[in-house]
Structure formats: structure tokens, C-alpha cells
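K.L.:
Numbering (our numbering), first residue to last: 3 to 110.
We treat Cβ as the ideally placed atom computed from N, Cα and C, and that holds for glycine.
From a predicted model like this one, the values you see are computed outputs, not experimental measurements.
Pasting a structure below so you can have a look.
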């Protein structure tokens with residue numbers, strides 16, 4: 003069964019990439035995390051886009067047209083719990099401000 007699941011996952015990924023190419027849109031690309039203490043302009047993975055970032059607080063926007071679960075990566079700390087974010091909506095994540103800022107947002 004695992005082999006079938008792997009093949010179907012690869013096939014689904016290929017079909018999705020083809021659909022995006024046919025519509026002229028490009029899939030979101032993961033941005034390499036910025037060095038500690040800084041954040042790049044548009045850090046995101048998949049549909050999760052980090053739109054606001056401060057010590058202990060970040061806002062993530064769902065840039066896709068379907069609901070996702072997402073969170074942020076915090077350097078040297080546990081990441082906040084995943085939250086459901088509706089299409090084109092945002093969610094705020096908080097943590098201990100002494101842990102610093104989020105490095106990037108990602109789907110979970």
C-alpha cells in the first residue's frame with residue numbers, strides 16, 4: 003500500500019503543477035529562512051504567507067482559495083500550534099516574546 007500512495011501522491015503533484023502552468027500561475031516556493039533577527043520580505047511555504055512579524059507575534063495570510071492549516075517557525079523555540087485559516091483570511095500567532103521573531107510561515 004505505501005508504494006501505491008507514493009505513486010498517487012507524485013501523480014497528484016504532477017497534475018497540480020500542470021494545472022498551475024496551464025492557468026499561467028506559479029506554485030508558491032519555499033523561501034530560505036533569513037538569519038536570526040531578520041526576516042525576508044515574503045517568507046512563505048505553500049499557501050501560508052507571513053505578513054506581519056514582531057517579537058512574540060506574527061500574522062499569517064492564506065494566499066490560496068481554500069482553507070489551510072498553518073503556523074510559523076520560531077528560531078530556537080517550539081512553533082505555535084497550527085491554526086485553520088480560511089481562503090484569503092489571516093490568523094495571528096503568539097508566543098513568548100523572548101524567543102524572538104518568526105522565521106517563516108508554513109502549512110502543517
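Less than 6 Å between C-beta atoms, sequence neighbours within five positions excluded: which residues of the same chain meet that for residue 99?
P.N.:
Result list for residue 99: 57, 58, in chain order.
K.L.:
List the endpoints of the continuous beta strand (DSSP E) containing residue 68.
P.N.:
No beta strand (DSSP E) holds residue 68; DSSP gives it neither H nor E.
K.L.:
Is the beta carbon of residue 62 less than 8 Å from the beta carbon of residue 53?
P.N.:
In contact: residue 62 and residue 53 (Cβ atoms closer than 8 Å).
K.L.:
Going straight from the alpha carbon of residue 50 to that of residue 105, what length do you get?
P.N.:
Distance between the alpha carbons of residue 50 and residue 105: 13 Å.
K.L.:
Bridge partners for residue 93 per DSSP, in chain order?
P.N.:
Per DSSP, 62.
K.L.:
CA-CA distance, residue 74 and residue 108?
P.N.:
Cα-Cα distance, rounded: 6 Å.
K.L.:
Going by C-alpha to C-alpha distance, which of 48, 95, 64, 55 sits closest to residue 88?
P.N.:
The residue with the shortest Cα to Cα distance from residue 88 is 64.
K.L.:
Let me make sure I understand the geometry here. Which of 71, 110, 79 has the alpha-carbon closest to that of residue 102?
P.N.:
Residue 102 has its Cα closest to that of 79, out of 71, 110, 79.
K.L.:
Taking Cβ to Cβ, would you say residue 72 is nearer than 8 Å to residue 110?
P.N.:
Result yes, Cβ atoms of residue 72 and residue 110 sit closer than 8 Å.
K.L.:
Would you tell me roughly how many angstroms separate the C-alpha atoms of residue 14 and residue 93, rounded to the nearest one?
P.N.:
Because residue 14 sits at a pLDDT of 49, beneath the cut-off of 50, its placement in the model cannot be relied upon, and the following sentence gives the value as read from the coordinates. One C-alpha to the other measures close to 28 Å.
K.L.:
Does the beta-carbon of residue 67 have 16 or more other beta-carbons within 10 angstroms, so that it is buried, or is it exposed?
P.N.:
So residue 67 counts as exposed.
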